[in-house]
Structure formats: C-alpha cells, structure tokens
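Asker:
Protein chains: 2
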Amino acid sequence: MSRQSRGPQRGKVYLVGAGPGDPELLTLKALRILQSASVVLHDELVPPEVLSLACQGATVRSVGKGCGRQTMTQEEINALMIAYAQDGWTVVRLKGGDPLIFGRAGEEIRALRESGVDFEIVPGVTAASVACASARITLTQRHVASSVVFLTGHHCSGAEPSWPALGPDVTAVVYMPGRDYMELAIRLGSAGLPHDTPCLLISRAAQPPEQMFLGNLGNLHQARGFPAPSILVAGQVAAAAAYNARAGAPPAAARSVT
Amino acid sequence: MSRQSRGPQRGKVYLVGAGPGDPELLTLKALRILQSASVVLHDELVPPEVLSLACQGATVRSVGKGCGRQTMTQEEINALMIAYAQDGWTVVRLKGGDPLIFGRAGEEIRALRESGVDFEIVPGVTAASVACASARITLTQRHVASSVVFLTGHHCSGAEPSWPALGPDVTAVVYMPGRDYMELAIRLGSAGLPHDTPCLLISRAAQPPEQMFLGNLGNLHQARGFPAPSILVAGQVAAAAAYNARAGAPPAAARSVT
Chain A
-15 MSRQSRGPQR GKVYLVGAGP GDPELLTLKA LRILQSASVV LHDELVPPEV LSLACQGATV
45 RSVGKGCGRQ TMTQEEINAL MIAYAQDGWT VVRLKGGDPL IFGRAGEEIR ALRESGVDFE
105 IVPGVTAASV ACASARITLT QRHVASSVVF LTGHHCSGAE PSWPALGPDV TAVVYMPGRD
165 YMELAIRLGS AGLPHDTPCL LISRAAQPPE QMFLGNLGNL HQARGFPAPS ILVAGQVAAA
225 AAYNARAGAP PAAARSVT
Chain B
-15 MSRQSRGPQR GKVYLVGAGP GDPELLTLKA LRILQSASVV LHDELVPPEV LSLACQGATV
45 RSVGKGCGRQ TMTQEEINAL MIAYAQDGWT VVRLKGGDPL IFGRAGEEIR ALRESGVDFE
105 IVPGVTAASV ACASARITLT QRHVASSVVF LTGHHCSGAE PSWPALGPDV TAVVYMPGRD
165 YMELAIRLGS AGLPHDTPCL LISRAAQPPE QMFLGNLGNL HQARGFPAPS ILVAGQVAAA
225 AAYNARAGAP PAAARSVT
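Quick note, the sequences are listed as chains A and B, same order.
Under my numbering, think of the first position of the first sequence as -15, with each following residue one higher.
Under my numbering, think of the first position of the second sequence as -15, with each following residue one higher.
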C-alpha cells in the first residue's frame, strides 16, 4: 500500500477502467495501480473478483451509481476522492469498462482539475468490444460496417440522450439499453435503421451466466429477462453471431430468430 | 510454450488485441495467452516491447499490414494461421488496439470458422480510449457528447469508406486519418460538423514521443509532421485538452490554437 505522508507529499487520483467484469480483462497498468492504492472508490458494477485484487489494508468503498440505487451524488463522489488525495493518499476511482465511454469521467476530470489534485486516466476495455468478442463478431467490417457508433439508451438523470442519424453501413451499439426493447427498436428505426437490421442483445458479457438474443429490429421486443448489464449491437455485423457461437459452448439462453 | 502434439490434439487461434503500444495496456488475459503461445503472427504496429513478452522459443513473425508495406495478403495470413493451428500449435494473431475496431478481424473470423479451427477473441483497449486518456479528455459527456462514432480515414484497399451524418453533440474519432488534414477537415465538414468544432490530433498516443495538435476544423490543415499512428478526435469534448494537459508534462509538440 502506498501511503504517502500527510504534508509535503501529494496524493493522486487514478481514474481506472476495470473492463466489464472479468478480472482477466484488466490491463497490467490497472492491476499495478490497484495493487498500490490506499483507497479504492468503485462503481457498483465492479465485481468482487476485481476488488479483491486491491492490496490488503486498502480502504475499498462503493460509491454506488447503479441507476435508481444512487448512494452518493456525483458531487459527493468528487469531494470524497479529492479529500483523500489532498490528505496524501493514492486513490483509485474504479469504473466498469472504459471510464471515458459513458462513465461520467468528464465531470470527475473537471472537478479534479479545478481542485489542483494530480490525476491520471487509465483506459480500459469497453463493453462493446467484450460483448462482440464473446459473440465472435466484429464491430467494423470493410464494405459492411465502415463505422461504429456508441449510444446510450438513457441517462440516470432521466433525460433522453439524442441519437445521430444511422445509416445501413453503421454498427450501432447501445449501452444501457434498458428493458423496453419495443421502445428501443422504435428509436433505432426512427434514427434510420431498417426493420430487418440484425440485432444482438448480450447480457453479462464475460460475466457468466452470459445470455444472448439474436434477432432483428422487428422482433427485438421478443427478448425477455436479460439482466443488467446488457448491451445491444445493431447492424449487419451482428448477423454473424448466428454461426460464430463457439461449438460446444452455446450461450445459455441464445435464441436465434433471424 | 504450449506445444500440442500433432494428431489428436487440436491447435487454436487467439485473435488478440495488444492495445496501442504501451505494454502495460495489454490485458492480463492477452499477456497470459501471449506467454503460452507457440506462434505469434503480428501486425507491423505491435512494438518490440510487446513482442518480447512472448515465450522464449516461440515463432514470432510479422505479417505486415502497414499500409503500402503489405508483406502478405489477407488470404495468406488466414492460410498461415490456420495451417499452424491445424498442425496442433497455439497461435496468437496479435493486432494493435482492439482487433474488432478497424482490425480486419471479420475476414479472419470468417476464414477460421470455415476452416473448423477452434478460435477465441481477446479484446483490447482501443486507440480512441488511449489517446483521450493521454489528453485527459472523455469520449462522451452528458449534455455535450451523447454519442461517439469511430470512423476511418481510408482503407488500405484505396476505397473511401462512407461516413454517417455527424451532429453537433457527437464525438467523431477518425482512425488512420492520413496526412491530408485539409481534405480530412472538408470531409468532416461535409458530414455535418461545424467549422469551429474543436479538433485534437494525437500522434503515437502512449508511445513516446507523443505529439498533439489542438485546434478546430477550420485550422486543422495547419497541423504538421505527425507520424503514424495518429488519431483525430473532433467534437466539443476535445476543447478540454487545452487545460487538461498534465502540469509539468505538456505534450512535446502541443500547439493550442483554439
């Protein structure tokens, strides 16, 4: 544990991406920093297997941020990590996936900057890559998907995020798609995706029991019982999930309806 | 080294993301597999520091894929990795960044599937996350950037990839932006980005000497001498790079013109 003395030595905050659950998808840098930190402030979705990698004696504290189960406000989280760092501690602010993609890192970066506390960002593997790796499909593909867009289904604040126009050769990935798949399909359709666009819904990617639903925009509403965290991949690349599932290891609740 | 005997035992291919250069940004899983593989077939951009992590005695072979310096065709690469696996070896196909984002993994997945060879995908940290972490900016931000789109400037095949329409609250990241920044700015403008959209060009993120140019779409053409690999982040989130650069560690050739 790197306890720096109070006074002349300065604390530091690391905004660290933990990847989406599987401890093996941590980066070497994230592991090294996690093992040397005195304080770990983590989101609810970071699993115990990852938290157990923190050094013995570290203060490990959940700061919530599960939608609807907010235990602390963003301002309180900011104040807490800054206070620990100003007291000379090395602090890890641990987030699922990559902190820069739908991780509200912007607000924490701003608070850290304004406080004058030293900080560093350690990127992580984002959920879209992990989900697609698990389904053995790509996010981009020449002549099929020349770009990929990451969207979010909703904000915890309740405001509906705006979506850009989506063309037929875009892969659209919806983080936090919610549970109303009918509404989700309507929104994707309104954004420009055709009715027959292949859709792959993945729940708990790389965190067994993983579940997948493969369909299209028109029958996405038939998906049922997909516990969070889940992610939706919509686009031609998703169709390949039908034959790319690993032989002998089909997803538990896979349902191919294309 | 995991040399499996020829015959009844089966080889396997791992498509592995190496992250964008810094060996510490490998995942624990990527490192474990790299250390146990008998054969490593890598892209040109994977640095020696990463390759040196392969186990002693492994066959480590560049299969090229630097644009204009193609040493093998995609078909030859596919055939080679399949041949090694069919001969009973554990093969790592090592790519920079994340293999699923502009990594041509789709073509390799298809070839592997058709060959019947067992394979698995190990996702990596993509260049966009690494570049933004280095500049201490986010890719998404509530009320500012509600989505992020990954584009590519060009394909090695020479065909111009199509770009979706870009709105003002999208972060657009251009992988392989090329060197004609005037043309790049024109294309981004045609896709819908306003003239004054903040733009951050980052060269060799997390691979010193890193360089950054911060400007906007209107003066992006003034950027000079940015060696590959580089990446462009266009959108309101980029503006924060002006004041987020780490105190005492400004990027070598940063030039703030906003």
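We put the beta carbon where it would ideally sit given N, CA and C, even for glycine.
Nearest by alpha-carbon distance to T124/A: which of G100/B, T122/B, S146/B and R120/B is it?
Answerer: The shortest Cα separation from T124/A among G100/B, T122/B, S146/B and R120/B belongs to S146/B.
Asker: How about R(-6)/A: is its C-beta nearer than 8 Å to some C-beta of chain B?
Answerer: Chain B contact via Cβ: absent.
Asker: If we require 4 or more residues per run, which alpha helix (DSSP H) segments fall completely within the segment 122 to 191 of chain B?
Answerer: Counting whole runs of 4 or more residues, the segment 122 to 191 of chain B contains the alpha helix (DSSP H) stretches 165 to 174.
Asker: Looking only at its own chain, which residues have a Cβ that is under 7 Å from the Cβ of A95/A, when we skip the five neighbours before and after it?
Answerer: Cβ within range, chain order: N62 and I66.
Asker: Would you tell me roughly how many angstroms separate the C-alpha atoms of L247/A and R16/A, rounded to the nearest one?
Answerer: Residue 247/A cannot be examined here, being either before or after the span of chain A that is shown, -15 to 242.
Asker: For V44/B, tell me which candidate among L29/B, T57/B, E33/B and L25/B has the shortest Cα-Cα distance.
Answerer: With distances taken between Cα atoms, V44/B lies closest to L25/B.
Asker: When you compare only the Cα positions, how much space is there between V132/A and T155/A?
Answerer: Between V132/A and T155/A, the C-alpha separation is close to 5 Å.
Asker: Take R208/B as the anchor and find which of P83/B, I170/B and I186/B has the nearest alpha-carbon.
Answerer: Selected option, being the one with the closest Cα: I186/B.
Asker: Give a yes or no on whether the minimum CB-CB distance between C116/A and chain C is below 8 Å.
Answerer: Given the protein chain composition of this structure (A and B), no chain C is represented.
Asker: Around the C-beta of G90/A, are 16 or more other C-beta atoms found within 10 angstroms, so that it is buried, or is it exposed?
Answerer: Buried, because 16 or more other Cβ atoms sit within 10 Å of the Cβ of G90/A.
Asker: State buried or exposed for G199/B, treating a residue as buried only when at least 16 other CB atoms are found within 10 Å of its CB.
Answerer: G199/B comes out buried.
Asker: Would you call the CB atoms of A111/A and P4/A closer than 8 Å?
Answerer: Result yes, Cβ atoms of A111/A and P4/A sit closer than 8 Å.
Asker: Can a CB atom of chain B be found closer than 8 Å to the CB of D153/A?
Answerer: Yes, its Cβ sits closer than 8 Å to a Cβ of chain B.
Asker: How far does the beta strand (DSSP E) with N200/B in it reach, from first residue to last?
Answerer: Its beta strand (DSSP E) spans residues Q195 to N200.
Asker: Determine which residues share a DSSP beta bridge with L329/A and list them.
Answerer: Because chain A in this structure spans residues -15 to 242, residue 329/A falls outside the shown range and cannot be described.
Asker: Under the three-state reduction of DSSP, which class applies to E28/B: helix, strand or coil?
Answerer: Of the three classes helix, strand and coil, the one that applies to E28/B here is coil, per DSSP.
Asker: Determine whether the beta carbon atoms of V221/B and V128/B lie at a separation below 8 Å.
Answerer: Yes. Within cutoff.
Asker: S99/B by DSSP, collapsed to three states: which one?
Answerer: Residue state, collapsed to three classes: helix.
Asker: Can you find a CB in chain A that lies within less than 8 Å of the CB of A226/B?
Answerer: No, its Cβ sits nowhere closer than 8 Å to a Cβ of chain A.
Asker: In chain A, which residues lie less than 8 Å from V132/B when you measure between Cβ atoms?
Answerer: I85, V133 and F134, listed in chain order.
Asker: Can you tell me whether V47/B is helix, strand or coil according to DSSP?
Answerer: In the structure shown, V47/B sits in coil (DSSP, three-state: anything other than H, G, I, E or B).
Asker: Would you call G41/A buried or exposed, if buried means 16 or more other Cβ atoms sit within 10 Å of its Cβ?
Answerer: Classification for G41/A: exposed.
Asker: Using a Cβ cut-off of 8 Å, pull out every chain A residue sitting near D27/B, in sequence order please.
Answerer: The premise fails here: D27/B is roughly 15 Å from chain A at the closest Cβ pair, so nothing lies under 8 Å.
Asker: For the segment 28 to 35 of chain A against the segment 74 to 81 of chain A, are there 3 or more C-beta pairs whose distance is under 8 Å?
Answerer: The segment 28 to 35 of chain A vs the segment 74 to 81 of chain A: in contact.
Asker: Would you identify the three-state DSSP class for L(-1)/B, choosing helix, strand or coil?
Answerer: Of the three classes helix, strand and coil, the one that applies to L(-1)/B here is strand, per DSSP.
Asker: Go ahead and pull the three-state DSSP assignment for L9/A.
Answerer: L9/A falls in the helix class under three-state DSSP.
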